[in-house]
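Novice: Using this note's numbering, the letters of the sequence shown correspond one by one to residues 343 to 595. Note that the Cβ used here is the ideal one computed from N, Cα and C, for glycine as well. Please see the structure below; I have some questions.
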Amino acid sequence: MSSLVTQADSELLMIKQNEFKEINDDFPTMGLFCRKKVKREQVDNSQCCLVGTQKIKEIAEDQKEQDVGINKYIYDINKILKEQQEEELILEHRVENSIQYICGETLVKAMKQPDLVIYDCRYQYEFEGGHIMGAVHMNHSINLFDELFNQSQYSKKIVVLYCEFSIKRSLEKYFEIRKLDRNINQYPKLTYNNLYLLCDGYSKFYQNFSHLCNGFYISMNDPAYEQQLDQEQQRRIIVKQKSNYRKSLVVSI
343 MSSLVTQADS ELLMIKQNEF KEINDDFPTM GLFCRKKVKR EQVDNSQCCL VGTQKIKEIA
403 EDQKEQDVGI NKYIYDINKI LKEQQEEELI LEHRVENSIQ YICGETLVKA MKQPDLVIYD
463 CRYQYEFEGG HIMGAVHMNH SINLFDELFN QSQYSKKIVV LYCEFSIKRS LEKYFEIRKL
523 DRNINQYPKL TYNNLYLLCD GYSKFYQNFS HLCNGFYISM NDPAYEQQLD QEQQRRIIVK
583 QKSNYRKSLV VSI
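Given below as structure tokens:
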């Protein structure tokens, strides 16, 4: 009896061992299959990403080449236009910090030209005391747009500015005119390509060519005109404040 039980137990144990072995034999196969499948999907996804990235790079490179070509074309056109403008410059001059300077001798030679206009940018008492023949007083309240960019004024192609030494007041007007010109026209076109600053101003010109001046030379800081100087400077400040206020309104709108 005991031998039969022992035999039965042995058979049952062998069956369980075989089942356990079959299950364990299957799992490695299933695991390997899963790993292979996951790995294959990862490879496929990586290849897709690489292809997509390469395509984006190719498109970006093509766009970059197009942009370079367009920019080069614009640069070449602007270069040609600027060269044409340089050829159109009438008076002998030198350029310093983007400013076109002429000397007194050059102005004297140009004074007979019908398309020349000279602007005196000094204060009223200085201008009334003496100025270059034919010069127009450019006071604080003058509207540069109406004065220079009105259609009827386009015949005045050569503009020369000066103040006492041509280092502040006329220089400010020079940049104001150039800024207006840039805003009105498409770069690099200019209405007043021939815009010049008289080197060393009225002080030097009067010293060398007083016979071409009406009146005398009144210095801005002449003690006899101290009160007029204060008044002029106050007006200048007020005009600047009004101008800045108008600009702020335009920006806010």
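Does the region 503-513 come into contact with the region 533-552, if we say contact requires no fewer than three beta-carbon pairs (one atom in each stretch) closer than 8 angstroms?
Specialist: Counting Cβ pairs under 8 angstroms, three or more are found: they touch.
Novice: Considering only residues of the same chain and omitting the five flanking positions on each side of V380, which have a CB-CB separation below 7 angstroms?
Specialist: Within the sequence shown, numbered from 1, the residue matching residue 380 stands at position 38. Because V380 carries a pLDDT of 49, less than 50, the predicted location of this residue cannot be relied on, and the following value inherits that uncertainty. Closer than 7 angstroms at the Cβ level, and outside the excluded window around V380, lies no residue.
Novice: Would you say H435 and V581 are within 8 angstroms of each other, going by their C-beta atoms?
Specialist: Position 93 of the sequence shown, counting from 1, holds the residue named residue 435. Position 239 of the sequence shown, counting from 1, holds the residue named residue 581. For H435 and V581, no; Cβs fall outside 8 angstroms.
Novice: Measure how close the beta-carbons of I444 and Y538 come, nearest whole angstrom, since I'm counting them as under 8 angstroms.
Specialist: By one-based count along the sequence shown, residue 444 stands at place 102. By one-based count along the sequence shown, residue 538 stands at place 196. About 5 angstroms; that satisfies the 8 angstroms criterion.
Novice: Spatial neighbours of I526 within its chain, please: CB distance less than 7 angstroms, with the 5 preceding and 5 following residues excluded, ordered by chain position.
Specialist: As a first step, residue 526 must be located in the sequence shown, where it is residue number 184. Around I526: F491, T533.
Novice: For Q598, which three-state DSSP category applies?
Specialist: Outside the modelled stretch of the chain, which goes from 343 to 595, sits residue 598, for which no answer is possible.
Novice: Kindly indicate which residue of L486, T448, K499 has the alpha-carbon position closest to the one of Y516.
Specialist: Along the sequence shown, read from residue 1 onward, the residue named residue 516 stands at position 174. Among L486, T448, K499, the Cα nearest to that of Y516 is on L486.
Novice: On the DSSP letters alone, give me the boundaries of the alpha helix (DSSP H) that I460 sits inside.
Specialist: One-based indexing of the sequence shown puts residue 460 at position 118. That residue, I460, is in no alpha helix (DSSP H); its beta strand (DSSP E) goes 458-462.
Novice: Taking the beta strand (DSSP E) that L537 belongs to, which residues open and close that run?
Specialist: Here the question's residue 537 lines up with position 195 in the sequence shown. That run of the beta strand (DSSP E) goes 536-540.
Novice: Identify, in the order they occur along the chain, each residue of the same chain with its Cβ nearer than 6 angstroms to the Cβ of T448, setting aside the five sequence neighbours on each side.
Specialist: By one-based count along the sequence shown, residue 448 stands at place 106. Once the five neighbours on either side are set aside, the close Cβ partners of T448 are L433, E434.
Novice: Helix, strand or coil: how does DSSP classify N550 here?
Specialist: The sequence position of residue 550 within the sequence shown is 208, counting from 1. Residue state, collapsed to three classes: helix.
Novice: In this structure, does DSSP put N556 in helix, strand or coil?
Specialist: The residue given as residue 556 occupies position 214 in the sequence shown. N556 falls in the strand class under three-state DSSP.
Novice: In angstroms, rounded to a whole number, what distance separates the CA positions of K584 and I401?
Specialist: Position 242 of the sequence shown, counted from the start, is the residue given in the question as residue 584. Position 59 of the sequence shown, counted from the start, is the residue given in the question as residue 401. If I take the Cα positions, the gap works out to 52 angstroms.
Novice: For I401, does the three-state DSSP call read helix, strand or coil?
Specialist: Position 59 of the sequence shown, counting from 1, holds the residue named residue 401. Note: I401 maps to helix in three-state DSSP.
Novice: When you compare only the Cα positions, how much space is there between Y415 and E403?
Specialist: Locating residue 415 in the sequence shown gives position 73, where the first residue counts as 1. Locating residue 403 in the sequence shown gives position 61, where the first residue counts as 1. Annotation note: pLDDT 48 at Y415 (below 50); position unreliable, no value reported.
Novice: Considering only the beta carbon of each residue, do G472 and G557 sit closer than 8 angstroms?
Specialist: Counting from 1 along the sequence shown, the entry for residue 472 is found at position 130. Counting from 1 along the sequence shown, the entry for residue 557 is found at position 215. Cβ distance < 8 angstroms, so G472 and G557 count as in contact.
Novice: Using 10 angstroms around the beta-carbon of E430, count the other beta-carbons present and answer buried if the total reaches 16, otherwise exposed.
Specialist: In the sequence shown, the residue the question calls residue 430 occupies position 88. So E430 counts as exposed.
Novice: Once DSSP output is grouped into helix, strand and coil, what is the label at Y567?
Specialist: Position 225 of the sequence shown, counted from the start, is the residue given in the question as residue 567. DSSP places Y567 in helix when its eight states are reduced to three.
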